[in-house]
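First the structure, in the form of structure tokens, and then the observations on it.
Residue numbers (the UniProt record's numbering): 1 to 136.
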């Protein structure tokens with residue numbers, strides 16, 4: 001399976017930073033990822049998890065929380081979801097691209113143990129599913 005080229009990956013990286021610069025400190029291209037489309041890292045992962053547990057993250061506080069977390073978002077240029085995201089962000093369907101990217105960020109946050117209540121993600125997930133199924 002073909003990977004995104006370096007230029008394509010850099011284009012996607014810049015788009016992600018433009019769209020989600022309020023949430024992501026950095027976007028990196030990570031060719032070492034195998035199974036996952038993306039991962040979230042932060043310099044002090046253990047301290048961040050403790051901070052989230054003691055501050056009971058609420059959806060209305062998320063913008064503040066993202067600034068504190070200083071998240072690094074690593075993308076896997078070989079993964080089908082990242083390749084499709086690249087294609088979508090280049091197309092006219094930028095709304096779907098943004099929704100998919102947000103869901104990938106949310107999924108990576110859950111995987112990293114940075115979401116105390118995953119139910120907060122369901123509204124966005126359901127909207128993404130509705131958008132994908134509009135044609136059917």
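The beta carbon of each residue, even a glycine, is placed where N, CA and C say it ideally should be.
Distance CB(residue i)-CB(residue j) smaller than 9 angstroms
{"i": "residue 128", "j": "residue 82", "result": "no"}
{"i": "residue 139", "j": "residue 29", "result": "For residue 139 there is no data in the structure shown, the boundaries of the chain being 1 and 136."}
{"i": "residue 19", "j": "residue 101", "result": "yes"}
Contacting residues, own chain, Cβ-Cβ under 7 angstroms from residue i (five flanking each side not counted)
{"i": "residue 15", "result": "89"}
{"i": "residue 98", "result": "19"}
{"i": "residue 74", "result": "28, 30, 33, 38, 39, 41"}
Beta-ladder partner(s) of residue i, from DSSP
{"i": "residue 41", "result": "72"}
{"i": "residue 28", "result": "74"}
C-alpha gap between residue i and residue j, whole angstroms
{"i": "residue 37", "j": "residue 104", "result": "8 angstroms"}
{"i": "residue 131", "j": "residue 92", "result": "14 angstroms"}
{"i": "residue 26", "j": "residue 2", "result": "25 angstroms"}
{"i": "residue 114", "j": "residue 76", "result": "20 angstroms"}
{"i": "residue 107", "j": "residue 125", "result": "10 angstroms"}
{"i": "residue 171", "j": "residue 34", "result": "What the structure shows of the chain is the stretch from 1 to 136, and residue 171 is not part of that stretch, so it cannot be assessed."}
{"i": "residue 43", "j": "residue 133", "result": "38 angstroms"}
{"i": "residue 68", "j": "residue 8", "result": "30 angstroms"}
{"i": "residue 136", "j": "residue 85", "result": "21 angstroms"}
{"i": "residue 120", "j": "residue 87", "result": "28 angstroms"}
{"i": "residue 71", "j": "residue 94", "result": "23 angstroms"}
{"i": "residue 32", "j": "residue 118", "result": "27 angstroms"}
{"i": "residue 109", "j": "residue 10", "result": "22 angstroms"}
{"i": "residue 123", "j": "residue 80", "result": "24 angstroms"}
Where the alpha helix (DSSP H) containing residue i begins and where it ends
{"i": "residue 32", "result": "Looking at the DSSP string, residue 32 is not in any alpha helix (DSSP H), and its letter there is neither H nor E."}
{"i": "residue 86", "result": "80 to 90"}
{"i": "residue 131", "result": "122 to 132"}
{"i": "residue 112", "result": "Premise fails: residue 112 is in no alpha helix (DSSP H) and is neither H nor E."}
{"i": "residue 13", "result": "6 to 20"}
Beta-carbon contacts of residue i that lie in its chain and below 6 angstroms, excluding the five residues immediately before and after
{"i": "residue 78", "result": "3"}
{"i": "residue 17", "result": "27"}
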